[in-house]
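Going from the sequence shown to this note's numbering is simple: count from 1 and add 782. The C-beta atom is built at its ideal place from N, Cα and C for all residues, glycine as well. Have a look at the structure below before the remarks.
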Amino acid sequence: MSHEYVPHHSAEPETTVLAPAGPETTTTLPPVSEPDTASRRRVVDGTGLATLEGRDVSAWFGSRKVLDRVSLTMHAGEITALIGPSGCGKSTFLRILNRMHELVPSAQLAGEVLLDGEDIYAPQKKLIDARRQIGMVFQKPNPFPAMSIKDNVLAGLKLTGTKASRATKNDLVEQCLTRAGLWTEVRDRLDAPGGGLSGGQQQRLCIARSLAIKPRVLLMDEPCSALDPTSTRVIEETMLELAQEVTIVIVTHNMQQAARVSDRCAFFLAAQGTPGVIVEHGDTTSMFDNPQDPRTYDYVNGRFG
Ligand SMILES: Nc1ncnc2c1ncn2[C@@H]1O[C@H](COP(=O)(O)OP(=O)(O)OP(=O)(O)O)[C@@H](O)[C@H]1O
Ligand SMILES: [Mg+2]
């Protein structure tokens, strides 16, 4: 199935790219070789789907280095799970993938992020383009509470002044809510406030809002950590559906979730006082059943973190 994504807008302000900081002093462990096998869950033709690649990504807050030369390919049409203990830099890496890191005043970064081979940090690239193509869903559902469900979905379009006919907007609302797995629950109350939905519904509303800008990649930072098990399963099902059309990167502390939804995993770790690195990455089955690094084995088996 092929899909063309036409970006509409970004809700984020334009900022300048920050210069790399500090000399590179430590070395990331070499990545484990990529498996030859295709996705274990689905077959995608790759057309219209985007691959996102971080190359030698380092990050600092002030003088403190928190990520050291992290390289990871997040393949088109797959779900990649970022796992690892608290504070090892998963969210920082995720924010670098759609240029949110640079909004933190003290933050600096080095390395490249390639979307289908093109560096989103290249001088001629605009922040707004990265945001259009690479959407983000956060840990805590953050709909506009007083705004209607419908307007929440359309919020991105409104913020950028993108014009669309009423019919087009209605179609978009239905399409995005359907893809986010929420349509049947809210179709009769589209004008009710977003804040009146349950936590799980609010998170799906946020997913629908992200989808309305037609991203090619969806980043999800612990999207289910505030949700009950039933809502979590609904979001997971939604992710599995969406992954046929959008490349997904999810941060999760829930190993069962990583095992259930992801095609590949990357295990991040920051040893005491050192920046985060990827210890090991590979297809999810191998990471869980036959990890190469004893630290991965310990982590996925719940021995630390
Ligand atoms: N805005 C900030 N200013 C200064 N330091 C920060 C900031 N955000 C994160 N850090 C630091 O960067 C490191 C990586 O944080 P990050 O939030 O990326 O970790 P994480 O792996 O997502 O953790 P968690 O699993 O708890 O969400 C931590 O040491 C954290 O304290
Ligand atoms: Mg985090």
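Please list the segments of the alpha helix (DSSP H) lying wholly inside the region 877-957, counting only runs of 4 or more residues, in order along the chain.
-> Fully enclosed alpha helix (DSSP H) runs of 4 or longer: 909-915 and 931-941.
Nonlocal neighbours in the same chain, by C-beta distance under 7 Å from residue 849, ignoring five residues either side | Here the set comprises 839, 840, 841, 871, 874, 875, 1057 and 1058.
Quick one: Cα of residue 788 to Cα of residue 939, how far?
-> Unreliable placement is indicated for residue 788, whose pLDDT of 34 sits below 50; the coordinate value is still reported in the next sentence. A direct Cα-to-Cα measurement between residue 788 and residue 939 gives close to 13 Å.
Please state whether DSSP places residue 1083 in a helix, a strand or coil.
-> DSSP, read as helix, strand or coil, puts residue 1083 in coil.
With a floor of 3 residues, list each beta strand (DSSP E) that falls wholly inside the region 1011-1059, ordered by position along the chain.
-> Runs found: 1029-1033 and 1046-1051.
What do you reckon, are the CB atoms on residue 896 and residue 1029 nearer than 7 Å?
-> Not closer than 7 Å, so no.
Of all residues in the structure, which have a C-beta closer than 7 Å to any heavy atom of ligand 2, taken in chain order?
-> 872, 873, 1003, 1004 and 1033
Could you check the C-alpha separation between residue 1075 and residue 1067 for me, to the nearest Å?
-> 14 Å
If you pair each beta-carbon of the region 987-1005 with each one of the region 961-979, do three or more pairs fall below 8 Å?
-> yes
Would you mind working out which of 953, 991, 960 and 854 sits nearest residue 1023, comparing C-alpha positions?
-> 960
Residue 1035 to residue 1005, Cα distance in whole Å?
-> 10 Å
Are the region 879-896 and the region 941-956 touching by the rule of at least three beta carbon pairs closer than 8 Å?
-> No, the region 879-896 does not touch the region 941-956.
Report, in whole angstroms, the separation of the C-beta atoms of residue 861 and residue 1007, which I expect to be a contact under 8 Å.
-> Contact flag wrong, Cβ pair sits at about 17 Å.
For residue 867, I'd like the list of residues in its chain whose CB is within less than 6 Å of its CB, leaving aside the five on either flank, ordered along the chain.
-> Residues 1087 of the same chain have their beta carbon placed closer than 6 Å to that of residue 867, with the five preceding and five following residues left out of the count.
Residues bridged to residue 862 (per DSSP) | Partner residues in the beta bridge of residue 862, as assigned by DSSP, are 1031 and 1046.
Residue 1081 versus residue 930 - alpha carbon distance = 42 Å
Buried or exposed (CB count within 10 angstroms, at least 16 for buried), residue 934 | buried
Put residue 960 into one of helix, strand or coil per three-state DSSP.
-> It is helical.
Helix or strand or just coil, what does DSSP make of residue 869?
-> coil
Cβ-Cβ separation, residue 999 to residue 739 (assumed contact under 8 Å), whole Å = No answer is possible for residue 739: the residues shown for the chain start at 783 and end at 1087.
Just how far apart, CA to CA, sit residue 975 and residue 1009?
-> Their Cα atoms are separated by approximately 20 Å.
Neighbourhood of residue 994 by C-beta distance below 7 Å, restricted to the same chain and skipping five residues each side = 935, 936, 938, 939, 954 and 958
Below 8 Å on the Cβ atoms is my guess for residue 881 versus residue 912; work out the distance and round it to an integer in Å.
-> For residue 881 against residue 912, the beta-carbon gap comes to about 5 Å, under 8 Å, which counts as contact.
Can you tell me the Cα-Cα spacing of residue 928 and residue 972, whole angstroms?
-> 13 Å
Contact belief for residue 856 with residue 1061 at Cβ below 8 Å, rounded distance in angstroms | Not really, about 17 Å apart at Cβ, beyond 8 Å.
In this structure, does DSSP put residue 835 in helix, strand or coil?
-> strand
For residue 1019, is the classification buried or exposed, using 16 other Cβ atoms within 10 angstroms of its Cβ as the cut-off for buried?
-> exposed
So which of 1013, 879 and 886 has the shortest CA-CA distance to residue 901?
-> Cα-wise, what sits closest to residue 901 is 879.
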